[in-house]
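To keep things clear, I will list the structure first and then write my remarks on it.
In our numbering, the protein residues as written are 6 to 456.
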C-alpha cells in the first residue's frame with residue numbers, strides 16, 4: 006500500500022481524502038493556491054505546499070508544479086479528487102512517466118470518456134442505449150442548425166469536453182441556437198481548451214439517474230447501486246438522493262448490470278459513474294461517464310457502508326476488490342444537498358467573509374465542508390462551500406432529518422442557497438418524489454415569481 010499520497014485538489018474533497026488516508030495510515034501532501042492558504046484542509050494534511058497564485062491555470066491546473074512537489078515529497082501516488090486535473094489524460098500520462106501512480110483510470114480511458122462524442126460511440130458499441138444526437142462535433146452555426154432541424158427541437162447544445170453544466174444550454178428554436186452556439190463554444194474553449202460542440206435531443210421531464218461503479222485491475226467489477234440527481238440549477242446538481250424512488254427494482258437491476266457490462270468491455274479500472282437520463286416510461290439513455298469520484302459519492306457510502314475513496318486507493322495500489330456484487334446491499338435512504346455561496350434567487354456567486362459558520366450535528370448527519378468561521382470565500386473557484394448529507398431508515402425519515410439539519414445551519418457574512426434548499430425539501434412535489442430535471446424551473450423559480 007502507498008506510504009504517501011499527494012492530493013491534487015482543494016476544499017471539501019481534499020479534506021475528505023485526507024480523512025480516509027489517515028484512517029489507512031497513509032501520509033498526505035496538500036497543495037494550495039495563495040487564495041487557499043488559510044483553508045482547513047491545508048492544516049489537516051501532514052505536509053502542505055504552495056503551488057501558485059489564485060487563478061486555477063496558475064495553481065490547481067499547473068500539472069508540472071504538482072508533479073514537482075510529488076517528487077520533492079516522495080509521494081507514491083496522486084489523488085486528483087474531482088474537477089481540475091481529475092479527468093485530464095495528459096496529466097495521467099505525465100504521472101506514469103514520473104513513476105507516480107494516478108489514482109484513477111488509464112489515460113486512454115480518460116481520453117475516450119473525456120470527449121462526450123467518443124464516449125457516446127464507445128457506450129453505444131458496449132450496448133448501452135444513447136440519446137439521439139450528432140455522431141460528430143458541429144463546428145459551425147450552419148451545421149448546428151441543420152442537425153437540430155433533423156433531430157427536432159427542443160435540443161441540448163453541449164460542449165464535447167468538460168462538464169459541470171459549462172457550455173451547455175437547452176435550445177427551442179433556430180433563433181435561440183444562433184445566439185447560443187457562439188457563446189457556449191467560447192465558454193467551453195475558455196474552461197476546457199476545446200470549443201467543439203455537439204447536439205442531443207432534449208428529453209422532457211427526465212430523471213437524471215446515475216450508477217456508481219468500481220473495477221479493479223484483475224477483471225472484477227461491481228456497481229454500488231444508483232443515485233438520483235435530477236434537481237439541478239443551471240445544469241448543476243443541488244440535491245441528490247440514493248437510491249432513486251422513481252425506478253422499479255427491475256429497472257434498477259437492468260441499469261446496474263448494463264453499467265457493469267459496459268465498463269468491463271471498456272477495460273475500465275477504479276471508481277466511475279455512468280450517468281443516464283430516464284424518461285417517464287423508465288427507458289434509460291446513456292448521458293456521460295465521469296471517470297473520477299463524484300461530488301455526491303457520500304450518499305452511496307451512507308447506504309452501502311463502503312468507503313469509495315478507500316476502494317479507489319486500494320485499486321490503484323493493485324489490490325483486488327474485496328467485495329462481490331452479492332455483498333453490496335442498500336440500507337436506508339440518503340440525501341445530499343450542496344451548500345453554495347450564492348444568491349438563492351439569481352444563483353449568482355456571493356463571495357465574501359464568513360463571520361459565523363455553525364454546522365448541524367447529530368446521529369445520521371454528515372458534513373463535508375471547505376470553510377470555517379472567520380474565513381474568506383474568494384471568487385476564484387466554484388462557489389460550493391459545504392455539503393450536508395443525512396440518512397434515514399426510509400425517504401420520509403431522511404427528509405425530516407434534512408429539514409431539521411438545514412434549519413440548524415448558521416452562516417453569516419455571505420449569502421447562501423440554504424433558503425432555496427429549505428423551500429425545495431418542504432415542497433409538496435419534492436416530498437411526493439416528483440423530482441424531474443425541470444423541478445427548479447417548474448416549481449422553485451415559478452413559486453418565487455408568484456411571490
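C-beta: ideal position from N, C-alpha, C; glycine also.
Whose C-alpha, out of the options, is nearest the C-alpha of residue i?
i, options, result
"residue 267", "118, 430, 104", "118"
"residue 236", "434, 173, 51, 8", "434"
"residue 404", "242, 431, 203", "431"
"residue 132", "265, 378, 369", "265"
"residue 253", "214, 243, 136", "214"
"residue 350", "392, 145, 188, 428", "428"
"residue 112", "348, 98, 331", "98"
"residue 69", "44, 239, 102", "102"
"residue 181", "162, 226, 410", "162"
"residue 110", "61, 126, 83, 371", "83"
"residue 231", "203, 277, 273, 155", "277"
"residue 387", "395, 125, 375", "375"
"residue 299", "175, 64, 8, 88", "88"
"residue 342", "303, 140, 151, 269", "303"
"residue 337", "279, 305, 353, 320", "305"
"residue 261", "317, 333, 195, 320", "333"
"residue 33", "24, 107, 10, 383", "10"
"residue 45", "385, 453, 373, 107", "373"
"residue 179", "313, 250, 154, 346", "154"
"residue 247", "396, 452, 370", "396"
"residue 94", "79, 77, 114, 28", "114"
"residue 242", "340, 227, 377, 274", "340"
"residue 400", "164, 258, 74, 249", "249"
"residue 420", "352, 275, 367, 368", "352"
"residue 406", "19, 108, 370, 192", "370"
"residue 6", "106, 450, 425", "106"
"residue 279", "291, 269, 190", "291"
"residue 126", "293, 378, 315, 363", "293"
"residue 381", "363, 365, 355", "355"
"residue 389", "229, 346, 425, 378", "346"
"residue 63", "38, 86, 47", "38"
Taking C-beta to C-beta, are residue i and residue j nearer than 8 Å?
i, j, result
"residue 438", "residue 358", "no"
"residue 72", "residue 100", "yes"
"residue 326", "residue 221", "yes"
"residue 156", "residue 137", "yes"
"residue 256", "residue 204", "no"
"residue 398", "residue 344", "no"
"residue 74", "residue 49", "no"
"residue 51", "residue 15", "no"
"residue 206", "residue 160", "yes"
"residue 297", "residue 92", "yes"
"residue 275", "residue 313", "no"
"residue 167", "residue 197", "yes"
"residue 81", "residue 21", "no"
"residue 193", "residue 226", "no"
What residue range does the alpha helix (DSSP H) around residue i cover?
i, result
"residue 141", "That residue, residue 141, is in no alpha helix (DSSP H); it is neither H nor E in DSSP."
"residue 151", "146-156"
"residue 114", "112-119"
"residue 407", "400-413"
"residue 261", "254-271"
"residue 426", "423-431"
"residue 46", "45-49"
Since residue i is in the beta strand (DSSP E), which residue starts that stretch and which ends it?
i, result
"residue 339", "338-345"
"residue 380", "380-382"
"residue 230", "226-238"
"residue 164", "160-164"
"residue 242", "241-247"
"residue 56", "52-57"
With a threshold of 8 Å between beta carbons, is residue i in contact with chain C?
i, result
"residue 228", "Checking the listed chains, one finds no chain C in this structure; it contains a single protein chain."
Contact the segment 202-220 vs the segment 436-449: 3+ CB pairs below 8 Å: Using a Cβ-Cβ distance cut-off of 8 Å, the segment 202-220 and the segment 436-449 are in contact, since at least three pairs of beta carbons, one from each stretch, lie closer than that value.
Residue ranges of each alpha helix (DSSP H) within the segment 176-215, 4 or longer: Listed in chain order, the alpha helix (DSSP H) elements of length 4 or more contained wholly in the segment 176-215 are 179-197.
Entirely enclosed beta strand (DSSP E) segments - the segment 61-135, minimum 3 residues: At a cut-off of 3 residues, the continuous stretches assigned as beta strand (DSSP E) that sit fully inside the segment 61-135 are 82-84.
In chain order, each beta strand (DSSP E) run of at least 3 residues that lies wholly inside the segment 280-321: 289-295, all fully within the segment 280-321.
Three-pair Cβ contact test at 8 Å for the segment 308-327 versus the segment 216-224: Counting C-beta pairs closer than 8 Å gives three or more between the segment 308-327 and the segment 216-224, which meets the contact rule.
Beta strand (DSSP E) segments (min. 3 residues) lying fully within the segment 10-40: Taken in chain order, the whole beta strand (DSSP E) runs of length 3 or more contained in the segment 10-40 are 32-38.
At least 3 beta-carbon pairs within less than 8 Å: the segment 278-287 vs the segment 325-344: Output reads no: the segment 325-344 does not touch the segment 278-287.
Segment contact flag, the segment 179-199 with the segment 145-162, C-beta cutoff 8 Å, min 3 pairs: Taking one beta carbon from each stretch, the segment 179-199 and the segment 145-162 have 3 or more pairs nearer than 8 Å; the two touch.
Every unbroken alpha helix (DSSP H) inside the segment 349-393 [4 residues or more]: Taking only runs of at least 4 residues, no alpha helix (DSSP H) segment lies wholly in the segment 349-393.
The segment 49-61 / the segment 396-412 touching (three or more Cβ pairs under 8 Å): The segment 396-412 and the segment 49-61 do not touch, with fewer than three beta-carbon pairs separated by less than 8 Å.
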